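Undergrad: I'd like to ask some things about the structure below.
Numbering (this note's numbering), first residue to last: 3 to 232.
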């Protein structure tokens, strides 16, 4: 089925097929993660998350190997637009969904179900999707009940959340230069984080929002919610 003409939206939520956690746990961990009236795209078996998360699917994309023909037919019967891809394709279903999200010209994209599950290779591939050039200028976050991940840099970025959330900063591709933080327990002041080193692991948010700035390079920001430790 052909994609309908795109209309700009504030946020697209992409439902991937990995573990997500409950809606209550996600809401508690990351308040404000969902914008009012988001556009929801399910990537194949990610459609199964929609009901439990109280989300309505606006579009489905994928090859159907996870959801199955009966599941796809049920979505069609509900009036959900379906973009069926061949099994033998170059992109993952999640990548196809993210590319469909970009077509909506959103300000933000939240990807759920991208981190957990039995396939470590899928989780790593989903993390790599954050580097897609098409996502430049869009606030993209991979979200689950126990983690939130984004790719930043260069520039200055606010990190909202809870006091005592863990914040890990990992350089991607090469070293990150001129890294300065505010609102974290272990501050950095114009420092270099080197690729392959673990210095940026397990900092702690002491102010909301915390701020991370870097002059060059990119950082993978991995946050673990304080709600996990009660």
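Here a beta-carbon is modelled for each residue, glycine too, at the ideal position from N, C-alpha and C. Predicted model only: the values in this text are computed from it and were never measured.
Taking the alpha-carbon positions, what's the residue 24 to residue 44 distance?
TA: Their backbone Cα atoms lie some 17 Å apart in a straight line.
Undergrad: Anyone know if the C-beta pair for residue 175 and residue 212 falls short of 7 Å?
TA: no
Undergrad: What ranges does the beta strand (DSSP E) occupy inside the stretch 114-193, keeping only unbroken runs of at least 3 residues that lie completely in it?
TA: DSSP runs (the beta strand (DSSP E)) wholly in the stretch 114-193: 141-146, 149-154, 157-161, 168-173 and 178-184.
Undergrad: Check this for me: beta carbons of residue 18 and residue 48, under 7 Å apart or not?
TA: The criterion of a C-beta distance shorter than 7 Å is satisfied by residue 18 and residue 48.
Undergrad: Comparing C-alpha positions only, which one of 53, 94, 183 and 67 sits nearest to residue 116?
TA: That would be 94, whose Cα lies nearest to the Cα of residue 116.
Undergrad: Roughly how many angstroms lie between the CA atoms of residue 196 and residue 182, to the nearest whole one?
TA: 14 Å
Undergrad: Could you check what DSSP says for residue 212 in three-state terms: helix, strand or coil?
TA: Here residue 212 sits in strand by DSSP.
Undergrad: Could you name the residues of the same chain whose beta carbon sits closer than 8 Å to that of residue 110, not counting the 5 residues immediately before and after it, in chain order?
TA: 12, 13, 14, 37, 140, 141, 142 and 143
Undergrad: Which of the three DSSP states, helix, strand or coil, is assigned to residue 85?
TA: Correct three-state label for residue 85: strand.
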